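J.: I'd like to ask you about the structure that follows.
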Ligand code: PLP
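Numbering (the working numbering), first residue to last: 1 to 444.
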């Protein structure tokens, strides 16, 4: 039966500060004037967010929202988590910046802690400032190490927006028309929309065909997100990465896991998304959740691959900045202390279970998927044909905001709600989100 009254946000004991700053309209006008025409914004009237506390955000009127998108999957531990704020403030007071031309304890402590979270021989860390930069460096390493040029990426992937990584990205919404070099995009092993359903072997065969027919037979590497983020929380067909990693290595390439969204326990139970597919990559790239919002990224690889970089200096001014390193180290400690992987698995399976039962009542919910707190809800106007419910998604998106829930949107057609909250999101929050979605769809 349809819910009669709108759900109420779970209680939260926090009073935001009164806000007397610039109005939303004024900020919006200035943003249009000074921040360029390529930015996009959420909501017909964009929200003016002035404060964040754990899984909640507050707008300029003091209204509280459940943040189910975490600043695009970036606030891993929670907005302004006290342990991370403290680590950053203390380091800022002592020394804000020094480059790696001098020694600083924060960078090596963080590198050691990060390496301890990696399986196999993934022990050498390079710090950068974003996911894009991490993937640029990973692609460069793959090409130098293998001595080959051809890179393979998945259709529907997002790996960054720089001149190099835009070639790896395969979503027309984000792709500028630039030369992309030797990059081949293979059929996406998407169990919901993919041409071969969940048959990993057929997708792997198609990738092999690309190598055989489209490259000299030797490749530099293969890159994939373990759950596609921007592409709409798309899981890869089970077993796909295992098959493909074998093929790629036989063709002389290295295997890169883009863990920019799926890392740090978000997928539940494991620290890294690739662990859910039982593989160990040769290079792992990470950013977003690594710093709970600090501008930070990293590439972790093996000593053998790192060795190839020794022929020249690999350096960037801010990578491993002490403030970001102190913050990143605090993130790892919080994730361990609060056992966030276990929490993500527990709350995530509750959320998915509740969404799947909601799906039984609402035809518009075509697919519910994901792992841990990396969840996608794909909306369709026709379940058989899987026609993307573009307009309806936009309407529901606004309604959810009005009810107090901020979700993300994604997928090529913009018809997937992405639920990727800070990892302190609770079962009560999950219930509120599902009830809000139920209420919003019922009122359509
Ligand atoms: N890789 C993935 C999987 C991403 O989702 C993103 C950003 O959304 C990037 C790379 C690029 O990261 P950044 O925006 O920090 O450059």
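Yeah, the Cβ is synthetic: ideal placement off N, Cα and C, and Gly gets one too. Given the structure is predicted, the values throughout are model-derived calculations rather than measurements.
Is the beta carbon of residue 258 within less than 7 Å of some heavy atom of the ligand PLP?
T.: Residue 258: yes, Cβ under 7 Å from the ligand PLP.
J.: Could you check how far apart the C-beta atoms of residue 267 and residue 372 are, in whole angstroms? I think they sit under 8 Å.
T.: Indeed they touch by this definition, with Cβ atoms about 4 Å apart.
J.: My guess is that residue 10 and residue 432 are in contact by the Cβ rule of under 8 Å, so how many angstroms apart are they, rounded?
T.: About 6 Å separates the two Cβ atoms, so the contact holds.
J.: What do you reckon, is the C-beta of residue 153 under 7 Å from a heavy atom of the ligand PLP?
T.: No, the Cβ of residue 153 stays beyond 7 Å of every heavy atom of the ligand PLP.
J.: How would you call residue 147, buried or exposed, if buried means at least 16 neighbouring beta carbons within 10 angstroms?
T.: Exposed, because fewer than 16 other Cβ atoms sit within 10 Å of the Cβ of residue 147.
J.: If distances are taken between C-alpha atoms only, which option among 338, 346, 252 and 23 comes closest to residue 82?
T.: Among 338, 346, 252 and 23, the Cα nearest to that of residue 82 belongs to 338.
J.: Relative to the alpha-carbon of residue 218, which residue among 227, 183 and 35 has its alpha-carbon at the smallest distance?
T.: Minimum Cα distance to residue 218 is reached at 183.
J.: Straight-line CA distance for residue 231 to residue 17?
T.: Rounded to the nearest angstrom, the two C-alpha atoms are 36 Å apart.
J.: Locate the beta strand (DSSP E) running through residue 358, then write down its first and last residues.
T.: No beta strand (DSSP E) holds residue 358; the alpha helix (DSSP H) holding it covers 340 to 361.
J.: Compute the minimum distance between the beta carbon of residue 158 and the heavy atoms of the ligand PLP, and state whether it is under 7 Å.
T.: The answer is yes for residue 158.
J.: Any idea what DSSP makes of residue 438, helix, strand or coil?
T.: Residue 438 falls in the helix class under three-state DSSP.
J.: Grouping DSSP H, G and I as helix and E and B as strand, with all else coil, what is residue 388?
T.: In this structure, residue 388 counts as strand in the three-state DSSP scheme.
J.: Is residue 235 near residue 348, with beta carbons less than 8 Å apart?
T.: No, the pair does not count as a contact, with Cβ atoms beyond the cut-off.
J.: Cβ-heavy atom distance between residue 130 and the ligand PLP below 7 Å?
T.: Yes - the ligand PLP has a heavy atom lying nearer than 7 Å to the Cβ of residue 130.
J.: Please list the terminal residues of the continuous beta strand (DSSP E) segment that includes residue 379.
T.: Element bounds for residue 379: 374 to 382.
J.: Between 434, 151 and 344, which has its C-alpha nearest residue 354's C-alpha?
T.: Looking at the Cα atoms, 434 is the closest of the given residues.
J.: Report the CB separation of residue 394 from residue 378 in whole angstroms; it is logged as a contact under 8 Å.
T.: Not a contact, Cβ separation roughly 14 Å.
J.: In whole angstroms, what separates the C-alpha of residue 95 from that of residue 149?
T.: So the alpha carbons of these two residues sit roughly 41 Å apart.
J.: With the cut-off set at 8 Å, would you say residue 330 and residue 253 are in Cβ contact?
T.: Cβ distance not < 8 Å, so residue 330 and residue 253 don't count as in contact.
J.: Considering Cα atoms alone, identify which of 412, 396 and 439 is closest to residue 44.
T.: Of the listed residues, the one whose Cα sits closest to residue 44 is 396.
J.: For the ligand PLP, I want to know if residue 72 counts as a neighbour, meaning its beta carbon is within less than 7 Å of at least one of the ligand's heavy atoms.
T.: Yes, the beta carbon of residue 72 sits closer than 7 Å to at least one heavy atom of the ligand PLP.
J.: With burial defined as no fewer than 16 other Cβ atoms inside 10 Å of the residue's Cβ, what is the status of residue 356: buried or exposed?
T.: The residue is exposed, with fewer than 16 neighbouring Cβ atoms inside 10 Å.
J.: Would the beta-carbon of residue 230 be found less than 7 Å away from any heavy atom of the ligand PLP?
T.: Indeed, a heavy atom of the ligand PLP lies less than 7 Å from the Cβ.
J.: Who are the Cβ neighbours of residue 55 in its own chain at under 7 Å, not counting the five residues just before and after it?
T.: Excluding residues within five positions, the ones whose Cβ falls inside 7 Å are 66, 67, 78, 421, 422, 424, 425 and 429.
J.: Under the DSSP definition of a beta bridge, which residues are partnered with residue 127?
T.: DSSP output for residue 127 lists 298 as bridge partner(s).
J.: Looking at the ligand PLP, does it come within less than 7 Å of residue 32, judged from the CB to the closest heavy atom?
T.: The answer is no for residue 32.
J.: Regarding residue 138 and the ligand PLP, is the C-beta to nearest heavy atom distance less than 7 Å?
T.: It does not: the Cβ of residue 138 is nowhere closer than 7 Å to a heavy atom of the ligand PLP.
J.: When DSSP labels each residue in this structure, what does residue 305 get in the three-state scheme?
T.: Residue 305: helix per DSSP, three-state reduction.
J.: Count the other C-beta atoms from every protein chain shown that fall within 10 angstroms of the C-beta of residue 382, then say buried if there are 16 or more, exposed otherwise.
T.: Flag for residue 382 reads exposed.
J.: In whole angstroms, what separates the C-alpha of residue 226 from that of residue 401?
T.: The straight-line gap from Cα to Cα measures roughly 29 Å.
J.: Kindly indicate which residue of 25, 291 and 135 has the alpha-carbon position closest to the one of residue 75.
T.: Per the Cα distances, 291.
J.: For residue 328, which residues of its own chain have a beta-carbon under 6 Å away from its beta-carbon, when the five flanking residues on both sides are left out?
T.: These residues qualify, in order along the chain: 110, 290, 291 and 296.
J.: If distances are taken between C-alpha atoms only, which option among 119, 99 and 410 comes closest to residue 389?
T.: When each option's Cα is compared against that of residue 389, the closest is 410.
J.: Among all the DSSP beta bridges, which residues are the ones paired with residue 257?
T.: Residue 257 is bridged to 224 and 284.
J.: Please say whether residue 186 and residue 159 have beta carbons closer to each other than 8 Å?
T.: Cβ distance not < 8 Å, so residue 159 and residue 186 don't count as in contact.
J.: With respect to the beta strand (DSSP E) encompassing residue 186, which residues constitute its N-terminal and C-terminal limits?
T.: That run of the beta strand (DSSP E) goes 183 to 186.
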